[in-house]
Each structure stands twice: as C-alpha cells, then as structure tokens.
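Numbering (this note's numbering), first residue to last: 2 to 321.
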C-alpha cells in the first residue's frame with residue numbers, strides 16, 4: 002500500500018470511530034430517579050435510580066418499557082414494565098373474556114351480550130363491564146367481549162369504552178370517555194395526560210391511539226387497549242363476525258389497592274384472603290358462572306345481588 006493510501010485508510014477509520022462514539026452518546030439516556038410519597042411505603046422519599054434497560058419513567062417510544070417503582074411492594078426496587086396490559090398477568094381481562102384472578106388462576110366468564118356485570122365491588126370502588134357479543138345459529142350461549150368499563154369512586158364516576166368500527170384502523174382512535182356523566186376529550190398523542198379537576202383521576206395515553214392507563218390514587222390502576230376480533234381469531238373460533246362490525250373491544254389489566262376482605266365481583270372475589278377459586282389451576286378453559294350474582298342494571302350501578310355496599314362520597318386521595 003502506498004503512503005497516501007495508508008494515510009487515507011487511517012483517516013477513514015478514525016472518522017468511522019468518531020461517528021460510532023457520537024451515535025453511542027446520542028443513544029444514551031441518563032437514568033431518571035423515582036420515589037414514593039406514601040408514608041407507609043418502604044420506599045418513602047427514597048430516590049431509586051432506574052435500570053439502564055428502562056431509564057425513563059415516561060419513555061418517548063410507546064413500545065419501550067417504563068421505569069416503575071411499586072410503592073406497595075416490600076422490595077424497594079425500580080423495575081422495567083410494559084406500559085400496556087399484560088393479558089397473562091394477574092388482574093387481566095382479555096379475549097372472549099378470559100380472566101386471571103388475584104390468585105393467578107385463569108378462568109372464563111361468558112356472561113351475556115348487551116348486559117352489564119360487576120368486575121370489582123368494594124366499599125370504596127365499583128367497577129362494572131358492558132359485554133357485547135354474538136350468537137351464531139345452533140349455539141347455546143353468546144360469544145362475548147368487554148366493550149366498556151364503568152367506575153364509581155367517591156362521589157365521581159368514569160367510563161371508558163371501545164367505539165364500534167366496521168373496519169379496523171390502528172391509526173384511528175377507537176376510545177371514548179366520560180367523567181361524571183359528561184363526555185371528555187382526552188388529548189391524542191403518546192404520553193398525553195388528562196387530569197380530573199380535583200386531581201383524583203389521571204388518564205394517560207400509552208400510545209398515540211387506542212391505549213390508555215387510568216389511575217385513581219390508592220384505589221386502582223387500569224391499563225387498557227382497544228383491539229378488534231381478527232379474521233384469524235374468527236376463523237379459529239368460528240365466531241361468525243359480520244363484515245360490517247369488527248367487534249372492537251377492550252383488553253384490560255387491573256392493579257388494585259387497599260381492598261377490603263369482603264371485596265366482590267367476578268374478578269374482585271379472587272382477591273379475598275379466604276377465596277377458593279372454583280376454577281382449578283392448570284385446567285384448560287375453566288368456566289365459572291355467576292350471571293345471576295354479578296349482573297348490574299347499568300354500567301354505573303352497584304345493584305348486583307352479590308355487590309359489596311359501595312360508600313358513595315368517600316374521600317379519594319389526591320394525586321401527588
């Protein structure tokens with residue numbers, strides 16, 4: 002190699018190395034710190050550095066995991082978690098519909114289409130679901146999905162629902178909300194936030210469209226997606242989905258706090274300390290009944306036969 006060629010190669014290598022260093026520096030995100038403001042938490046006012054794998058509390062990438070500190074956990078440790086519902090985790094209600102109880106056991110509750118059922122019923126919160134469904138000819142029951150969620154807490158109420166769609170478009174938002182009976186317009190865009198006037202409820206978009214997280218301080222955190230029934234699912238299960246309705250529905254996961262021992266509801270009862278789940282662990286397609294026990298007259302009522310007496314007006318902790 003002649004001297005000029007050698008010098009050119011060295012300069013090129015140095016330039017490439019400099020570019021790689023700059024790209025690495027640009028990609029690096031300094032880990033943020035998280036803490037808890039609850040006096041009973043072991044992490045009270047302890048500032049914990051986020052893992053390098055998830056350095057941000059609110060990542061700009063909707064597919065990235067977030068840094069999370071569970072103030073209710075005995076371990077004071079920041080971890081990475083997904084921002085969308087985990088349909089295979091405790092407190093999940095997904096598909097047609099499949100539940101995972103607080104005890105970790107999987108079970109199915111079919112209910113009936115166009116009816117409302119209590120998911121969680123406790124002294125300080127009532128959470129109901131509206132089911133949509135279809136019954137093909139020759140079937141003895143409806144295929145059902147959760148279309149809407151209604152919450153009653155303190156003197157307030159909130160609803161979250163999937164809007165009907167003929168054809169699914171992920172870029173279009175299929176979510177609708179109300180707060181205290183009034184329609185609310187949550188700003189679009191990943192990580193955009195709406196807070197209730199008294200700061201009791203926070204609604205955060207976890208993607209540009211069709212995914213949100215609802216937090217009521219010290220009561221519940223709900224992660225929700227809107228999804229369609231896909232052609233593949235229709236073919237596998239023989240749902241008989243019509244051409245003019247993709248049956249947009251919710252996938253939800255609940256994190257529940259400060260529950261009473263007498264908490265009720267299709268999902269809530271699995272959090273009772275003495276609950277014995279009729280659906281046995283490891284049993285495929287375990288179906289539980291309870292239509293008569295958990296049916297409510299509307300999305301925002303606490304009148305099911307097994308509902309816990311909901312105390313309307315009980316003060317809700319303000320967000321910090």
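C-beta atoms are modelled at their ideal positions from N, C-alpha and C, and glycine is treated no differently. These numbers were taken from a predicted model, which means no experiment stands behind them.
For residue 45, no beta strand (DSSP E) segment is defined, and its DSSP state is neither H nor E. Membership of residue 238 in any beta strand (DSSP E) is not indicated; the residue belongs instead to the alpha helix (DSSP H) covering 232-238.
Taking residue 37 as the centre and dropping the five residues before and after it, the same chain places the C-beta of 44, 45, 70 and 72 closer than 7 Å to its C-beta, in chain order. Within the stretch 89-113, the beta strand (DSSP E) runs of at least 3 residues that lie entirely inside it are, in chain order, 93-95, 99-101 and 107-109.
No Cβ-Cβ contact shorter than 8 Å links residue 81 with residue 61.
When the Cα atoms are used, residue 292 and residue 146 turn out to be separated by approximately 15 Å. Burial check for residue 277: the Cβ neighbour count within 10 Å stays below 16, so the residue is exposed. Boundaries of the beta strand (DSSP E) around residue 177: 176-180. Sequence-distant partners of residue 137 (beyond 5 residues in either direction) whose C-beta falls short of 6 Å from its own C-beta, in its chain, are 241. Proximity of the stretch 268-275 to the stretch 92-103 meets the contact definition, three or more beta-carbon pairs being nearer than 8 Å.
When DSSP states are grouped into helix, strand and coil, residue 151 belongs to the strand group. Nearest to residue 215 by alpha-carbon distance, out of 181, 254, 52 and 239, is 254. The continuous alpha helix (DSSP H) containing residue 293 extends over residues 292-295. Counting only residues of its own chain and dropping the five nearest sequence neighbours on each side, residue 287 has a CB closer than 6 Å to the CB of 108 and 280.
Taking 8 Å as the cut-off, the Cβ atoms of residue 208 and residue 63 count as close. Three or more Cβ pairs closer than 8 Å define a contact, and the stretch 295-313 meets that threshold against the stretch 116-136. Of the candidates 85, 264, 239 and 213, the residue whose Cα lies closest to the Cα of residue 177 is 213. In the three-state reduction of the DSSP assignment, residue 131 falls in the strand class.
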